[in-house]
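Chains as they are written, first to last, in my numbering: chain E, 2 to 448; chain W, 133 to 615.
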């Protein structure tokens, strides 16, 4: 029996100490009606060797993204991960520790999370950050719930150009309440339609939530939206890509009240979309409405700097049904991983990743533009991905796949306006040769 | 050790050179995008790799962890996290797959999730599982939103959710997030559900009861079938908070106990590491009549092919983007393959044996919170020690000096001066004996030198942290201007 250290001898002596005869006596007070008769119907245990062989077989059945010339993004991005990251984040003292409830024997975790919170603030320009949420979907949902608590209003307005996966999560999170959610469509440039927002905002609107770069890759003019929302005293929530913030204006300087999003781009692997982590940063004035763990800096009884979990009076284990959220476990390890990633990349390294992604994506755009049968109808203000259209888009994607090229995400079904649309992405991992090869193959397919 | 923040170790002019420069003409952001969308400065540090490696390696050494210390943190099931789980979850075939790749590209991943579901269904008696939830609490939200939608579709007028006063804080908090009113039912003097009190608060408007079994006092709710009967007769459902399922593998199932919706904390019972507080995974299971409400998609199989099935009649939608914390699922699956059917029972028996051994050895010196038999954890009430001026907090902190992580403190809320000890099945008798000896020693220290306890811990990099100050004057981040 793997992983159990008690020997038969130990078991006998321990049972004796407890005044029991057999292991089944430990359960003698359970009603017999509910006890399983016999063993559960699952296979016998495997040796480590057999387990490894079998599970490696499953892994090999997957066709990894790097075996293709891939332009897939749409919320999960293939960025370069420095070699030093894995050994650091795999250290058992991070991997196998629990939430740092006991500050004195968890200073390393606490300092790392404090550094994480600082990094998120530096990137977003916001005042405060929590210690992480699950993913972009849950961080958007928690941000919206926060705005509903802050404003005590009951209407939510969101841009339809938010990633559908995040929108679906938001709808589910709000389904227990009677809040109204209204979606604002995008205009002919693919940007969220500000005139429609003007019509939608009213005195009962708690917030306007948008994503930039949007699901379509477009960098929204967030300042315009936030000043409009401000006229109705509604909060503006931004779903941001932290990698893009190496280049883009800090959300804090665009009038944003709450910034949220997904941290996978900061050193996270793809791993089928999880685990990554959600981040949430806001202004000081909303600190006490923030959900989740927060680490603070204090001193120990000798006056030495020391860190601890703080402002716990917001949380479920104290406030119970009146808590700001039910969140308990979060995605700490992924959050710490992002802090290490940012430390390794540094200012110049992160900027390089963002700059190369931007340039490569625009290079791809220019190359596509030279092809007659390709339509590029949306704004050129995009970061690392954009939408292009061609007749029978879905079919083209299939043909390219046969040539080991994943062109991107086919958008049929997302919106009628996006029929035949393909969302293509470039990160710093792409090369000129890969892009040229994609273009050449596409030309051949389009004829 | 240099314990400055990473930002304070920055030196302008350092450059990492991790990524290759593309072979195209590089433009500055301002040549591609309008200036009003761009930032002026990027206030991040510049470090060298060795600096970063040393910084985080040294930080890691300031922590207690399962691999380095006994960690009997009650309700958290800090069992050993086998290394093969790490190795296999880090295979390129599992890490380098994108959620928007085609099902054909993801067949190994889908098969793994499908197999894991089959194993968990057999272990719990549930019909189907969803793996979207990233934690126990998110599992609760998923399950309770399903219950809400079930009642809505069935046109049942429901308004309230019942939780015992011993419940995890996440239960009432989840109930609120589902728009329900929370009704708290007081436990009886043994720490179990009081059936009379329960009967008085349950009525036709009761949507559900949320229960942990064994409960947070580490006791088995012996009247669980009667509880199920009371709730079901009133048209309510039973929600199982599986945080403590480690006590019951192969012994009983939530299904046999009468539960309708459950979550399992894969990061507790199924050995995936806790990672300083996450990522975990909350596997949400349901009985037949609730399968139409699961988050979409689930994974199904048609002619040997696995696919994402979005056709779920009354699906609550999604609770997170994509499909959940996949690499956590790989670890749990590997663990179950290793355990097999005979292993399951051994896990629970040894978890319960270890807890009872501690109870027996300490019961004369520390009050046990209930006279009922303990399951996988034992809750002590340090009232005798408190009367002598030493609260549970001091005892917990003193354990750190002896090289052990403290038990969960002051929970459940209904036990005064609570210390909740969950040794798990993976600890040896020698480790338990050491813990027991230290607890007895601490009890003697109360008479000999109580100040040592008030001042504990003594051996840590920092002494007791001023948490009041942290909350009163929040310092939550570093600023470059503070340089």
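For glycine and all other residues, C-beta sits at the position ideal for the given N, C-alpha and C.
Quick check: the Cα distance between residue i and residue j, rounded to an integer number of angstroms?
i             : j             : result
residue 500/E : residue 95/E  : Residue 500/E is absent from the model: chain E starts at 2 and stops at 448.
residue 230/W : residue 274/E : 7 Å
residue 227/E : residue 364/E : 31 Å
residue 614/W : residue 115/E : Note that residue 614/W scores 46 on pLDDT, short of 50, meaning its location in the model is unreliable; the coordinates nonetheless yield the value given after this. So the two alpha carbons sit approximately 15 Å from each other.
residue 160/E : residue 323/E : 30 Å
residue 331/E : residue 204/W : 21 Å
residue 164/E : residue 237/E : 17 Å
residue 490/W : residue 588/W : 23 Å
residue 167/W : residue 541/W : 54 Å
residue 158/W : residue 190/E : 25 Å
residue 340/E : residue 486/W : 38 Å
residue 577/W : residue 570/W : 10 Å
residue 226/W : residue 466/W : 13 Å
residue 378/W : residue 209/W : 8 Å
residue 224/W : residue 346/W : 39 Å
residue 378/E : residue 69/E  : 27 Å
residue 438/E : residue 409/E : 15 Å
residue 425/E : residue 326/E : 36 Å
residue 514/W : residue 310/E : 24 Å
Flag this pair as yes or no: are the beta carbons of residue i and residue j separated by less than 8 Å?
i             : j             : result
residue 357/W : residue 390/W : yes
residue 337/W : residue 287/W : no
residue 125/E : residue 252/E : yes
residue 299/W : residue 342/W : yes
residue 532/W : residue 592/W : yes
residue 476/W : residue 52/E  : no
residue 369/W : residue 294/W : no
residue 259/E : residue 281/E : yes
residue 423/E : residue 73/E  : no
residue 308/E : residue 435/E : no
residue 324/W : residue 547/W : no
residue 416/W : residue 392/W : no
residue 139/E : residue 335/E : no
residue 170/W : residue 382/E : no
residue 108/E : residue 594/W : yes
residue 269/E : residue 338/E : yes
residue 376/E : residue 391/E : yes
residue 346/E : residue 498/W : no
residue 118/E : residue 545/W : no
residue 89/E  : residue 185/W : yes
Of all the CB atoms in chain W, is at least one closer than 8 Å to the CB of residue i?
i             : result
residue 52/E  : yes
residue 220/E : yes
residue 379/E : no
residue 395/E : no
residue 64/E  : yes
residue 287/E : no
residue 193/E : no
Would a check of beta-carbon distances place residue i closer than 8 Å to chain E?
i             : result
residue 210/W : yes
residue 214/W : yes
residue 278/W : no
residue 395/W : no
residue 593/W : yes
Is residue i near the ligand COA, in the sense that its beta carbon is under 7 Å from a heavy atom of that ligand?
i             : result
residue 595/W : In the structure shown, the ligand COA is absent, as is every other ligand, since no ligand is present at all.
Mind pulling the beta strand (DSSP E) runs of 3 or more residues that sit fully within the segment 526 to 573 of chain W? Annotation note: the segment 526 to 573 of chain W contains the following uninterrupted beta strand (DSSP E) runs of length 3 or greater, listed N- to C-terminal: 550 to 553.
Ignoring anything shorter than 3 residues, give me the beta strand (DSSP E) runs that lie fully in the segment 389 to 444 of chain W, in order along the chain. For the segment 389 to 444 of chain W, whole beta strand (DSSP E) runs of length 3 or above, ordered along the chain, are 393 to 397, 414 to 418, 430 to 434, 437 to 441.
Looking at C-beta atoms only, is the number of pairs between the segment 420 to 440 of chain W and the segment 189 to 199 of chain W that lie closer than 8 Å three or more? Output reads no: the segment 189 to 199 of chain W does not touch the segment 420 to 440 of chain W.
Inside the segment 261 to 286 of chain W only - alpha helix (DSSP H) runs reaching at least 4 residues: Entirely contained in the segment 261 to 286 of chain W, the alpha helix (DSSP H) runs reaching 4 residues are, in chain order, 268 to 285.
Please go through the segment 142 to 196 of chain W and give each complete alpha helix (DSSP H) segment of 4 or more residues, from N-terminal end onward. Runs of the alpha helix (DSSP H) inside the segment 142 to 196 of chain W: 161 to 164, 181 to 192.
Validate contact between the segment 473 to 488 of chain W and the segment 327 to 336 of chain W using beta carbons, cut 8 Å, 3 pairs: Fewer than three beta-carbon pairs drawn from the segment 473 to 488 of chain W and the segment 327 to 336 of chain W are found closer than 8 Å, and the two stretches are therefore not classed as touching.
Cβ contact (3+ pairs, closer than 8 Å) linking the segment 100 to 111 of chain E and the segment 406 to 414 of chain W: Two segments are said to touch when three or more pairs of C-beta atoms, one from each, lie closer than 8 Å; by this definition the segment 100 to 111 of chain E touches the segment 406 to 414 of chain W.
Complete runs of the alpha helix (DSSP H) confined to the segment 186 to 231 of chain E [at least 4 residues]: Fully contained in the segment 186 to 231 of chain E are the following alpha helix (DSSP H) runs of length 4 or more, in chain order: 195 to 201.
What are the complete beta strand (DSSP E) segments, minimum 3 residues, inside the segment 348 to 428 of chain E? Runs found: 386 to 390, 422 to 426.
What beta strand (DSSP E) runs, 3 residues minimum, are completely inside the segment 279 to 320 of chain E? If only complete runs of 3 or more residues are kept, the segment 279 to 320 of chain E shows the beta strand (DSSP E) at 279 to 283, 296 to 300, 306 to 310, in order along the chain.
Stretch pair the segment 281 to 291 of chain E + the segment 260 to 267 of chain E: three plus CB contacts closer than 8 Å: Between the segment 281 to 291 of chain E and the segment 260 to 267 of chain E there are three or more C-beta pairs closer than 8 Å, enough to call the two in contact.
Taking one C-beta from the segment 232 to 248 of chain W and one from the segment 55 to 66 of chain E each time, how about it: are there three or more such pairs within less than 8 Å? Because the criterion of three Cβ pairs below 8 Å is met, the segment 232 to 248 of chain W and the segment 55 to 66 of chain E touch.
Three or more C-beta pairs closer than 8 Å, one from the segment 39 to 59 of chain E and one from the segment 141 to 148 of chain E: is that the case here? Short answer: they don't touch.
What are the uninterrupted segments assigned as alpha helix (DSSP H) that are 4 or more residues long and contained completely in the segment 85 to 172 of chain E, given in chain order? Secondary structure in the segment 85 to 172 of chain E: the alpha helix (DSSP H) runs of 4 residues or longer, each lying completely within the stretch, are 86 to 90, 93 to 96, 108 to 125, 137 to 152 in chain order.
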